Amino acid sequence: MPTSAPGPLSLPEASWPAKYDLYSSTLPFLIKEYLPPPTSTSSNPVDRPAVHSKILTFLRKNSKSGRFRIPSSAEEGWLRIPSIAHPLSSAPLTVQLSGAPSGSVAFGPGESISSAFVGSGGGWEGRLEVDDPECKGHGVLKLRKVWEEAEGEKVLYEGFFALEVVYGKGLRGKGLDAGEQFQGAFWAVRSLVQDPGRDGEY
49 MPTSAPGPLS LPEASWPAKY DLYSSTLPFL IKEYLPPPTS TSSNPVDRPA
99 VHSKILTFLR KNSKSGRFRI PSSAEEGWLR IPSIAHPLSS APLTVQLSGA
149 PSGSVAFGPG ESISSAFVGS GGGWEGRLEV DDPECKGHGV LKLRKVWEEA
199 EGEKVLYEGF FALEVVYGKG LRGKGLDAGE QFQGAFWAVR SLVQDPGRDG
249 EY
């Protein structure tokens, strides 16, 4: 039976806007930190402090899977993942992100990293948009806080994104498929560098 999402979940609205580093839940160095042993019967197998600690050890090694910024009144939101790129030039596509905090962000069976925490709870939910001359796209990004320590000095987030990109006639005329779909569950932490002037860095 679906449960409420894991706490603590309360986060002031003004605290969401920031730049985050995204780590795919399929990264080998993280899998062993959250997959339960085959014989485990625990309903909460995820060791979140261990996941957070492991991410911190790789934070300066550029091992992240992507990066995104939750928008504020002063800064636009965006998502950057290397695999979301132009199919011919391989140049990263500009993915815009807009949204707002919500008291009921739903994580389905294919969206939550742990099946023990499928359900709804407080978080942030946004819309993804691609407006490129040769391709268009739309999708969703969800985020929730799942662990914190030291009065918020250490915070771990869980998220999910799904994006469908549709190629224009010009690209399809070159033998490409109609488009491509991207999605994945991920862990996230706030980026070490929050300076908007360095948003172009990956």
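Under the numbering used here, the first residue of the sequence shown is numbered 49, with each subsequent residue one higher.
Built from N, CA and C at the ideal position, the CB exists for glycine as well.
Source: prediction; values computed, not measured.
- request: Have a look at Ser58 and Ala139 and give me their C-alpha separation to the nearest angstrom.
  value: Confidence is the limiting factor: at Ser58 the pLDDT is only 49, short of 50, which leaves the residue's position unreliable, though a coordinate-based value still follows. Computed Cα separation, rounded: 38 Å.
task: Could you spell out where the beta strand (DSSP E) holding Leu204 opens and where it closes?
output: 202-215
message: Suppose you measure from the CA of Ser163 to the CA of Lys217; what does that come to, to the nearest Å?
response: Ser163 and Lys217 have their alpha carbons spaced roughly 40 Å apart.
message: By alpha-carbon positions, which one of Leu240, Gln231, Ser239, Arg220 ends up nearest to Leu136?
response: Arg220
query: Among all the DSSP beta bridges, which residues are the ones paired with Ile129?
result: According to DSSP, which records beta bridges pairwise, Ile129 is partnered with nothing at all.
message: Between Cys183, Leu211, Phe165, Lys190, which has its C-alpha nearest Tyr82's C-alpha?
response: Phe165
- request: Sort Gly170, Lys202, Gly200 by Cα distance to Leu191 and report the nearest one.
  value: Nearest C-alpha to Leu191: Gly170.
- prompt: Does the count of Cβ pairs from the region 91-111 and the region 121-132 closer than 8 Å reach three?
  reply: The region 91-111 makes no contact with the region 121-132; the number of CB pairs closer than 8 Å stays below 3.
Straight-line gap, Val143 to Arg128 (C-alpha atoms, nearest Å): 7 Å
message: Please report the distance separating the alpha-carbon of Glu252 from that of Val214.
response: In this structure the chain extends from 49 to 250, so residue 252 is not present and cannot be described.
- request: Tell me, to the nearest whole angstrom, how far the beta carbon of Ala233 is from that of Glu159; I am working on the premise that it is less than 8 Å.
  value: The pair is a contact, with the Cβ atoms about 6 Å apart (cut-off 8 Å).
query: Which one or two residues does DSSP pair with Ser150 in a beta bridge?
result: Gly171
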